[in-house]
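Student:
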Amino acid sequence: MDTTKINKRETMPNWVFHLMTFLMKVRDVFGYTRNNFKTLEIKNGQTVIDYGCGPARYVHLVSEAIGTNGKLYATDIHQLAVDKVKEVIQTRKLNNVEAVLSHSYTCPLPMHTADIILALDMFHMIEDTDALQGEFARLLKSEGTVIIEDGHQSRKSTIKKLSKQAFLI
Numbered sequence: 005m006d007t008t009k010i011n012k013r014e015t016m017p018n019w020v021f022h023l024m025t026f027l028m029k030v031r032d033v034f035g036y037t038r039n040n041f042k043t044l045e046i047k048n049g050q051t052v053i054d055y056g057c058g059p060a061r062y063v064h065l066v067s068e069a070i071g072t073n074g075k076l077y078a079t080d081i082h083q084l085a086v087d088k089v090k091e092v093i094q095t096r097k098l099n100n101v102e103a104v105l106s107h108s109y110t111c112p113l114p115m116h117t118a119d120i121i122l123a124l125d126m127f128h129m130i131e132d133t134d135a136l137q138g139e140f141a142r143l144l145k146s147e148g149t150v151i152i153e154d155g156h157q158s159r160k161s162t163i164k165k166l167s168k169q170a171f172l173i
């Protein structure tokens, strides 16, 4: 399969990105992101990749948790997401965060970069889960962890998509 192109299901027009951002802000009024973040167990000094970071909802929380000795790479295939991360970096003066534009299923970061890869509320959009999981395996340190949130699909669907790649189960 040619993974140099982004599949239609994985892309979204700019207006949809803006609508999604607005709806997530409304959801966050009720504390969703902060409450969900508490379950992630991110620690000081870790290197984290927020893969499919969207409108940068977790960026400031991860930055705070990893401290000055940690590093966060917030990556997405959508330029508006990367622009939003850059805005958050500048507004909050975050020195441990870098915005990264990914292309299809490849992220321009070196092998074995991450202690943790976050795939939060994005896995339901992925068409070639094998390619994405292969990229996660490339980016993850040997003792690293991938955290996948189901998003808009059932846990059963997520597990079915993961069953082909034993390193994540």
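The opening position of the sequence shown corresponds to residue 5 in our numbering, with each subsequent residue numbered one higher. Just so you know, even glycine gets a beta-carbon here, dropped at the ideal spot from N, CA and C.
1) Ordered along the chain, which non-local residues of its own chain (more than five positions away) have a Cβ less than 8 Å from that of T72?
2) Which of the three DSSP states is assigned to I70 in this structure?
3) What are the residues that DSSP puts in a beta bridge with Y55?
4) So, is V33 buried or exposed, given that buried needs 16 or more other C-beta atoms within 10 angstroms?
5) Thinking V104 and P112 are a contact (beta carbons under 8 Å), I'd like their distance in whole angstroms, please.
6) Give the single residue among D119, A141, T162, D132 whose Cα lies nearest to the Cα of N48.
7) If you draw a straight line from the alpha carbon of T15 to that of L65, how long is it in whole angstroms?
8) Assign T110 to one of three DSSP states: helix, strand, or coil.
9) Kindly confirm or deny that the stretch 82-91 and the stretch 119-128 touch, where touching means at least three C-beta pairs closer than 8 Å.
10) What number of angstroms, rounded off, separates the C-alpha of I53 from the C-alpha of G74?
11) From which residue to which residue does the alpha helix (DSSP H) around G138 run?
12) Over what stretch of residues does the alpha helix (DSSP H) that includes L166 continue unbroken?
13) Counting C-beta neighbours from all protein chains within 10 Å, is the total for I46 16 or more, i.e. buried, or is it exposed?
14) Do A69 and K88 have their C-beta atoms closer together than 7 Å?
15) Can you check whether the CB of H128 is closer than 7 Å to the CB of Q157?
16) With S106 and D80 assumed to form a contact (beta carbons below 8 Å), what rounded beta-carbon distance in angstroms separates them?
Tutor: Reading it off the structure:
1) Your numbering for residue 72 matches position 68 in the sequence shown. Around T72: N99, N100.
2) Here residue 70 refers to the residue found at position 66 of the sequence shown. Assigned with DSSP and collapsed to three states, I70 falls in helix.
3) Position 51 of the sequence shown, counting from 1, holds the residue named residue 55. DSSP output for Y55 lists T79 as bridge partner(s).
4) On the sequence shown, residue 33 is found 29 positions in, with the first residue counted as 1. Exposed, by the Cβ-count rule.
5) If you number the sequence shown from 1, residue 104 lands on position 100. If you number the sequence shown from 1, residue 112 lands on position 108. Right, the Cβ-Cβ distance comes to about 7 Å (below 8 Å), so this counts as a contact.
6) Reading the sequence shown from its first residue, position 44 is the one you call residue 48. Nearest C-alpha to N48: D119.
7) For this step, residue 15 is matched to residue 11 along the sequence shown. For this step, residue 65 is matched to residue 61 along the sequence shown. Cα-Cα distance, rounded: 26 Å.
8) Looking up residue 110 in the sequence shown gives position 106. Reduced to three states, the DSSP call for T110 is strand.
9) no
10) In the sequence shown, the residue the question calls residue 53 occupies position 49. In the sequence shown, the residue the question calls residue 74 occupies position 70. If you take the alpha carbons of I53 and G74, they lie about 11 Å apart.
11) Against the sequence shown, residue 138 aligns to sequence position 134. That run of the alpha helix (DSSP H) goes 133-143.
12) Locating residue 166 in the sequence shown gives position 162, where the first residue counts as 1. 159-166 is the span of the alpha helix (DSSP H), which, as asked, contains L166.
13) Translated into the one-based positions of the sequence shown, residue 46 becomes position 42. Buried: at least 16 other Cβ atoms inside 10 Å.
14) On the sequence shown, position 65 is the one that residue 69 refers to. On the sequence shown, position 84 is the one that residue 88 refers to. In this structure, K88 does not lie closer than 7 Å to A69 by Cβ.
15) For the purposes of this step, residue 157 is taken as residue 153 along the sequence shown, with counting starting at 1. For the purposes of this step, residue 128 is taken as residue 124 along the sequence shown, with counting starting at 1. Yes, they are a contact pair.
16) Sequence index remark: in the sequence shown, residue 106 carries index 102 (1-based). Sequence index remark: in the sequence shown, residue 80 carries index 76 (1-based). Going by Cβ atoms, the distance from S106 to D80 rounds to 6 Å, so yes, they are a contact pair.
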